[in-house]
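Chemist: Position 161 of the sequence shown, counted from 1, bears residue number 380 in our numbering, the numbering being contiguous throughout. Heads up, the beta-carbon is just placed ideally off N, CA and C, and yes, glycines get one too. Note that the structure is predicted; figures quoted are calculated from it, not measured. One structure, pasted below without further comment.
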Amino acid sequence: MIRILPIFLLLVFAVFDLAGAAPKADIWPRWQAHDEQSTLQVDHAAWAGFLAGYLVTDRPDGINRLRYGAVSASDRRALTDYLQRLQAVPVSRLNRAEQQAFWINLYNALTVKVVLDHYPVKSIRDINISPGWFSFGPWDAKLTSIEGEEISLNDIEHRILRPIWRDSRVHYAVNCASLGCPNLLSEPFSAANLDELLDRGARAYVNHPRGARFDSGRLTVSSIYSWFEDDFGGNQQGVLAHLRRFAEPDLAARLRDFQGRYAHDYDWSLNE
């Protein structure tokens, strides 16, 4: 027992140390099917209405907040109804742009619903419904069913969106209900506005102190760029190049001149 206990504790500490690390992009081939000639469109009006009623976008700190505590019983039902309608969408028959918008909106609406289902909480990480001893948060729980497949938030992000589209801007689209996360936007994604919203989200985040900031010459970036470094060029130089792509001129100039290693941080507090 004396010898086993320290080994067990080391294992526990190692697992919790890795808790901030992100899953690798691992494609789920099932979701590669699509119809590029399809004109089918998914109706996200209910999600737009929910956001219009409860998302606060004019905060002085530039971080969009959701009024979880104010959501009425009828609007909770409306959100549930919207998610149930998404379960009936023939995703494999959509074109690629419509699919990408579908998965992003589904991810964000599911995230809001899971927080509402467990509210009040200080952080989404406190919603421990994922299966497994060392799992934490809600990300591995199967929260919905699409075309007969049970789907988790991690499935959507790491097995569908990241590996199929290979677009680093998706990290600015999916929202994890945290202050450190890129803003939940005030309108749903659609095939028509996809590129515009992805670029808007990237510019807003990179140029906010959560994304990149200098303090007395020290550069601190969001932990997103550490967790998902492979999606941003695979190393620090790739991350810096990505940041410069979306940075305003003053920030871009400082990033070009930066030497050394940057630090990273993230605030998991609920975006309430």
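Write down the C-beta distance between L404 and G420 rounded to the nearest angstrom, noting that I regard them as a contact closer than 8 Å.
Modeler: 6 Å
Chemist: Near N373, which residues of its chain fall below 7 Å by C-beta distance, leaving aside the five closest residues on each side in sequence?
Modeler: Taking C-beta separations shorter than 7 Å and ignoring five residues to either side along the sequence, the partners of N373 in its chain run P242, W358 and D359, following chain order.
Chemist: Assign W352 to one of two classes, buried (16 or more other C-beta atoms within 10 Å of its C-beta) or exposed (fewer than that).
Modeler: That one is exposed.
Chemist: For N324, which residues in the same chain have their Cβ closer than 7 Å to its Cβ, ignoring the five residues on either side in sequence?
Modeler: H263, W266, P407 and F408
Chemist: Less than 7 Å between C-beta atoms, sequence neighbours within five positions excluded: which residues of the same chain meet that for H461?
Modeler: S387, F451 and G452
Chemist: Give every residue of the same chain whose Cβ lies closer than 6 Å to the Cβ of N412, excluding the five residues on either side of it in the sequence, and list them in chain order.
Modeler: For N412, where only same-chain residues beyond five positions count, there are no Cβ hits under 6 Å.
Chemist: With DSSP collapsed to three states, give me the class of S445.
Modeler: helix
Chemist: Based on the DSSP secondary-structure assignment, which residues constitute the bridge partners of I365?
Modeler: E368
Chemist: Here's the rule I'm using: 16 or more other beta-carbon atoms within 10 Å means buried, otherwise exposed. How should E376 be labelled?
Modeler: buried
Chemist: I'd like to confirm something about A297: is its beta-carbon nearer than 7 Å to some heavy atom of the ligand SAH, or not?
Modeler: Summarising the ligand content, the structure contains no ligands, and the ligand SAH is consequently not present.
Chemist: Go ahead and pull the three-state DSSP assignment for L270.
Modeler: Helix.
Chemist: Relative to the C-alpha of P382, which candidate in V458, A307, D449 and L302 has its C-alpha closest?
Modeler: D449
Chemist: Would you call the segment 264-283 and the segment 312-319 touching, i.e. three or more CB-CB distances under 8 Å?
Modeler: no
Chemist: By how many angstroms is the C-alpha of Q455 removed from the C-alpha of G479?
Modeler: 10 Å
Chemist: In this structure, how does DSSP classify V333 when only helix, strand and coil are distinguished?
Modeler: helix
Chemist: Could you give the distance in angstroms between the alpha-carbon of R475 and the alpha-carbon of R463?
Modeler: 8 Å
Chemist: Taking C-alpha atoms, which residue in L417, A471 and A396 lies nearest to S488?
Modeler: Ranking L417, A471 and A396 by Cα distance to S488 puts A396 first.
Chemist: Can you look up L438 in the DSSP assignment and give me helix, strand or coil?
Modeler: Secondary structure of L438 (DSSP, three-state): strand.
Chemist: Do T363 and Q319 have their C-beta atoms closer together than 8 Å?
Modeler: no
Chemist: Run through the segment 280-334 for me and flag every whole alpha helix (DSSP H) of 4 or more residues, listed as ranges in chain order.
Modeler: 292-306
Chemist: Have a look at the DSSP bridge pairing and note the partners of R432.
Modeler: The partner list for R432 (beta bridge, DSSP) reads T439.
Chemist: So for D277, helix, strand or coil by DSSP?
Modeler: coil
Chemist: By the DSSP assignment, the alpha helix (DSSP H) with D418 in it spans what residues?
Modeler: Element bounds for D418: L413 to V425.
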